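Peer 1:
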Ligand SMILES: [Zn+2]
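Residue numbers (the UniProt record's numbering): 1 to 194.
1. Among the candidates 176, 177, 26, whose CA atom is the shortest distance from the CA of residue 79?
2. Listed in chain order, which residues are found with a beta carbon closer than 5 Å to a heavy atom of ligand 1?
3. With a threshold of 6 Å on Cβ separation, who are the neighbours of residue 44 within its own chain once the five nearest residues in sequence on each side are excluded?
4. Quick test of the definition: if touching needs 3 or more C-beta pairs under 8 Å, does the region 143-153 touch the region 111-119?
5. Give me, in chain order, the residues of the same chain whose beta-carbon lies closer than 6 Å to that of residue 182; leave out the 5 immediate sequence neighbours on both sides.
6. Along the chain, where does the alpha helix (DSSP H) containing residue 136 start, and where does it finish?
7. Does residue 37 pass the burial test, meaning 16 or more other C-beta atoms within 10 Å, or should it be called exposed?
8. Express the C-alpha separation of residue 70 and residue 107 in angstroms, rounding to a whole number.
9. Suppose you measure from the CA of residue 164 to the CA of residue 86; what does that come to, to the nearest Å?
10. Hey, residue 132 and residue 158: beta-carbon distance below 7 Å or not?
11. In terms of residues, what are the limits of the beta strand (DSSP E) holding residue 59?
12. So what does residue 114 bridge to, in DSSP terms?
13. Residue 128 by DSSP, collapsed to three states: which one?
14. Alpha carbons only, please: which of 161, 30, 102, 17 is nearest the one belonging to residue 90?
15. Along the chain, which unbroken stretches of the alpha helix (DSSP H) at least 4 residues long are found entirely within the region 144-183?
16. Which residues does DSSP pair with residue 41 in a beta bridge?
17. Between the alpha carbons of residue 130 and residue 32, how many angstroms are there, rounded?
18. If I follow the unbroken beta strand (DSSP E) through residue 22, where does it start and stop?
Dropping the structure here:
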């Protein structure tokens, strides 16, 4: 049941023409920040009719069925709280997110690959503690040498991130397209600037 709510978010709403709905957990925080939890409008409308969500805000646009007209929801909130997963899956996306989509040796943002800190050839395993995001030049420069031999330095020691930590990281990557009605829910608990 919970799985229904977590997967398959709209990755790239083409502008806002497709009228995606921001999905909030019952505590009014987005189910996910990155990717932002957006449903296609069809799913949002369906969830409204199934009484799974309440409408928080709407687009001006309407959809017509033979029997009724409804305004497309722009923000919906789940009626039942979905408990966030505690364990963070070891995926390419989550690893890049942990590392802020930056090379952990030089800080560059482009052309990212994965690097085994202790090279596989030397028995290094594929784990949170031994894999970092690295740009191609750094990866090439390091090759199968140890960190010390390569002369490269890690920005931070790699480790398994906590779910909350990863969620906070995700908030630093706002989507390209934001509907006005979403903004309050994306930043309402951000610290206020003095
Ligand atoms: Zn680099």
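Every residue gets a Cβ at the ideal spot worked out from N, C-alpha and C, and that includes glycine.
It should be emphasised that the depicted structure is a prediction, and the values quoted were computed from it without experimental measurement.
Peer 2: Once the coordinates are examined:
1. 26
2. 103, 105, 106, 108, 135, 138
3. 21, 73, 76
4. yes
5. 22
6. 136-142
7. buried
8. Rounded to whole angstroms, residue 107 to residue 70 spans 48 Å at the Cα level.
9. 8 Å
10. yes
11. Run containing residue 59: 53-64, per the beta strand (DSSP E) assignment.
12. Paired residue(s): 133.
13. coil
14. 161
15. 147-150, 163-170
16. None, per the DSSP bridge assignment.
17. 26 Å
18. 21-24
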